[in-house]
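S.K.:
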Amino acid sequence: MVHPARRVRTLLLGCLVVLSLFAAQLVRLQGLDAASVSAAALDGRLAVTSIPAERGRITDVDGAELAVSTERRRVIADPTLAADYTLRDDDGEIVAEGFTAVAQVVSEVTGASRASVLDKLENPEGSQYAVLVADVSPRTWQELRKRNVRGVSAEPFMRRDYPLGEASAPLVGWVGAGGLPAGGLELVHNTGLTGTPGEAVYEQGRNGEKISTGLYEETPAEPGQDVRLSIDSDLQWYAFDQVRKRVREAGALRGYAVVQEVRTGRIVALASYPSFDPGDDTQSVEDMRNTAIEDVYEPGSTAKLITAAAALEEGIVERDTPIEVPVALPRGGSVFKDVEPHPVLNLTFAGVIAKSSNMGTILVGEQLDDETFYSWLRKFGLGSPVGHGIPGESAGLVPAPDTWSATSKFTMMFGQGLSGSFLQQVSVFQTIANGGVRLQPGFVQGTTEAEGRYAETPVPAGTRVVSEETAATLSEIMQQIPATGGTAPLAAVDGYHVAGKTSTADRYDNDLGKYSGVTSSFIGYAPVEDPKYVVGVAVQRPTRIGRFGGVIAGPVFSSIMRYALQSEGIEPATTPPLTLDLEYDPAAKAPGESGDVTRGDIAIKDEGTP
1 MVHPARRVRT LLLGCLVVLS LFAAQLVRLQ GLDAASVSAA ALDGRLAVTS
51 IPAERGRITD VDGAELAVST ERRRVIADPT LAADYTLRDD DGEIVAEGFT
101 AVAQVVSEVT GASRASVLDK LENPEGSQYA VLVADVSPRT WQELRKRNVR
151 GVSAEPFMRR DYPLGEASAP LVGWVGAGGL PAGGLELVHN TGLTGTPGEA
201 VYEQGRNGEK ISTGLYEETP AEPGQDVRLS IDSDLQWYAF DQVRKRVREA
251 GALRGYAVVQ EVRTGRIVAL ASYPSFDPGD DTQSVEDMRN TAIEDVYEPG
301 STAKLITAAA ALEEGIVERD TPIEVPVALP RGGSVFKDVE PHPVLNLTFA
351 GVIAKSSNMG TILVGEQLDD ETFYSWLRKF GLGSPVGHGI PGESAGLVPA
401 PDTWSATSKF TMMFGQGLSG SFLQQVSVFQ TIANGGVRLQ PGFVQGTTEA
451 EGRYAETPVP AGTRVVSEET AATLSEIMQQ IPATGGTAPL AAVDGYHVAG
501 KTSTADRYDN DLGKYSGVTS SFIGYAPVED PKYVVGVAVQ RPTRIGRFGG
551 VIAGPVFSSI MRYALQSEGI EPATTPPLTL DLEYDPAAKA PGESGDVTRG
601 DIAIKDEGTP
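Numbering (the UniProt record's numbering), first residue to last: 1 to 610.
(1) Closest Cβ-Cβ distance between residue 569 and chain B: below 8 Å?
(2) For a test of the three-state rule: what should DSSP assign to residue 447, helix, strand or coil?
(3) Go ahead and label residue 285 buried or exposed: buried means 16 or more other beta carbons lie within 10 angstroms of its beta carbon, across all protein chains shown.
(4) Rank 324, 464, 409, 390 by C-alpha distance to the C-alpha of residue 351 and give the top, closest one.
(5) What first and last residue would you give for the beta strand (DSSP E) that runs through residue 190?
(6) Is the beta carbon of residue 83 sitting closer than 8 Å to the one on residue 204?
(7) Under the rule that 16 or more other beta-carbon atoms within 10 Å means buried, what is residue 248, buried or exposed?
(8) Taking the alpha carbon of residue 309 as the point to measure from, which residue in 109, 300, 445, 469 has its own alpha carbon closest?
(9) DSSP three-state call for residue 109: helix, strand or coil?
(10) Between the region 524-531 and the region 230-239, can you find at least three pairs of beta-carbon atoms closer than 8 Å?
(11) Could you tell me which whole alpha helix (DSSP H) segments of length 4 or greater appear in the region 452-510?
(12) Among all the DSSP beta bridges, which residues are the ones paired with residue 329?
(13) Quick one: which unbroken alpha helix (DSSP H) runs of 4-plus residues sit fully inside the UniProt domain "Penicillin-binding protein dimerisation" (51-176)? Chain order, please.
(14) Within the continuous beta strand (DSSP E) that includes residue 537, where are the two ends?
(15) Could you tell me the distance, in whole angstroms, from the CA atom of residue 457 to the CA atom of residue 193?
(16) For the putative contact between residue 523 and residue 513, defined by C-beta atoms under 8 Å, what is the C-beta separation to the nearest angstrom?
(17) Tell me where the alpha helix (DSSP H) around residue 259 begins and ends.
(18) Short of 6 Å in beta carbon distance, which residues of its chain neighbour residue 454, apart from the five on each side in sequence? Order them along the chain.
(19) For residue 514, which three-state DSSP category applies?
(20) If you compare alpha carbons, which of 539, 534, 515, 52 is closest to residue 261?
(21) Is the region 219-228 in contact with the region 377-395, if contact means three or more CB pairs nearer than 8 Å?
(22) What first and last residue would you give for the alpha helix (DSSP H) that runs through residue 289?
(23) On the criterion of 16 or more Cβ atoms from any shown chain inside 10 Å, does residue 396 qualify as buried, or is it exposed?
(24) Would residue 298 be called buried (16 or more neighbouring beta carbons within 10 Å of its own) or exposed?
(25) With a threshold of 7 Å on Cβ separation, who are the neighbours of residue 181 within its own chain once the five nearest residues in sequence on each side are excluded?
(26) On the DSSP bridge assignment, give the partners of residue 316 in chain order.
(27) Kindly indicate which three-state DSSP category residue 528 falls into: helix, strand or coil?
(28) How would you write the range of the alpha helix (DSSP H) that residue 565 sits in, first residue to last?
(29) Could you check the C-alpha separation between residue 11 and residue 81 for me, to the nearest Å?
(30) Would you say residue 420 and residue 258 are within 8 Å of each other, going by their C-beta atoms?
(31) Could you check whether residue 226 and residue 463 sit closer than 8 Å to each other, using their CB atoms as the reference points?
(32) For residue 240, which residues in the same chain have their Cβ closer than 6 Å to its Cβ, ignoring the five residues on either side in sequence?
(33) If you count every other CB in all the chains shown that lies within 10 Å of the CB of residue 290, and 16 or more means buried, which is it?
(34) So for residue 281, helix, strand or coil by DSSP?
(35) Would the region 134-147 and the region 106-124 be scored as touching if the rule is three or more Cβ pairs under 8 Å?
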């Protein structure tokens, strides 16, 4: 039997050994390994969150915001922690517990559906991450944060807002739910607009809350650069509203309008309808197209301006050259006629263009050889991308001469059998309005970096296409069109001298695989004495109130041009508009004399020989 004193000594020795082990461990933890243990504990409490960078603004020419980033919060939860939350009233009595309690508080503060919040907490079961409310303001989050709901926190993000909404959506573009640009100028200038995210490191408690007295280190985010467009937001909205009204009135498929500065090439407004809500990313990609940029169609009679310019430049005609337009014109195995039946007409070259005679245009244009005519189409930019950089642009289609059918050359003279974009066609008129110099259309006025430095985008060098004399002659001729005797008196702008051209083109429907309906358009510029703006309007497949370009598009052109000129403070004209002779008296001069006649059967040359 062990002596009691010996047993006590053994127990005491054992206790001393255990205590010495504890002491040694304490010395190691608090002395030798204090730094590493402390660091390990700190690492366990540290959380790292990304600080989103503010995306650069897109503004109009005067700084009005077209796209801006707004700081928002995404309310999230760890359901494994939220399951232990208890909601009590002011007296400490339990009101609700677990997910039901969390859903009640989140619903009260954010306005979200209680059932929706509860469903997100419960599904999928066992998840440690759930988005309870996708988008709330920072103020709302602060209110929710004060409720100290276990397991509930927030993620900061930047929401892209578009103050002009659908009026500018196809042009400006949009940023999708993933924060990535999905179209328009948002995509074109994404590199500059995108900032550099920052980072925040902080200590958190067992429930995920931030320890206010703990470690906090932050690397600030760097915002992206602002992009200032040449767009005038007031004019953009007005143009959109006018096109929207006309498309609805005409029962049309869609329509577009553009306003371009003549001397800089910059686009001041580019609107299309139907449009879309840039804040709704549930729409289909097809619904979010920029049809004013992407649509390619046969231009029709506005392309007669190219044929006319080529004939003047090549010395085939002058403004007052007499042209006998027959009842019908057989060419290439087909018989061509004008839109409205008529007897033999005695028109001047100015009259052929002003009255939009297909046969008269053919009689003039067929004196150009195939390669020369084709080269003039290309000089005016048809068949080549405009170069503005917006996604979806097409070069259009201008068939090469070796692919032409027997009638291709004749139809292309009046804008059928070739295709182009809306901006390509507007660019033809900008070239004439600018004295024969074509400028690349542009949308950017300048950029502003985060430091506030603003850099103006230079006006691109122009390309001379026709002489100033030819451009001036065409301007004189086109002044007759938006006039009482022309094809578009409804396109006139009271008080101003306007030059322009109508078009009513047969429209090819890809879905049907055949021609169906028309494209009605009017493109022009003003004031003719010193052109400031080119305005183009096109309406696809109108089914009501008419079909001709002067009737459908002319009034919209007039309204937009008037608004643009008056907004800019352009003074009305003080002289009457120019009036030209559009017809000639066949008895006044015989063939072979000065002012020889181009006829439907033969072309009488200047020297009087056939």
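By construction, the Cβ of each residue, glycine as well, lies at the ideal position given by its N, Cα and C atoms.
M.R.: Walking through what the data contain:
(1) In the displayed structure, chain B is absent; only one protein chain is listed.
(2) strand
(3) Residue environment for residue 285: exposed (fewer than 16 other C-beta atoms within 10 angstroms of its C-beta).
(4) 324
(5) First-last for residue 190: 190-193, but that is the alpha helix (DSSP H), not the beta strand (DSSP E).
(6) no
(7) exposed
(8) 469
(9) Note: residue 109 maps to helix in three-state DSSP.
(10) no
(11) 468-478
(12) 336
(13) 79-82, 98-110, 114-122, 138-145, 169-172
(14) 533-540
(15) 16 Å
(16) Residue 523 to residue 513, Cβ: 28 Å. No contact.
(17) Note, residue 259: premise wrong, no alpha helix (DSSP H); beta strand (DSSP E) at 254-261.
(18) 446, 448
(19) strand
(20) 534
(21) no
(22) Residue 289 -> no alpha helix (DSSP H), and no H or E assigned at all.
(23) buried
(24) buried
(25) 173, 175, 187, 190
(26) BP columns for residue 316 are empty, so no partner.
(27) coil
(28) Start and end: 554-567.
(29) 45 Å
(30) no
(31) no
(32) 167, 271
(33) Burial call: buried.
(34) coil
(35) yes
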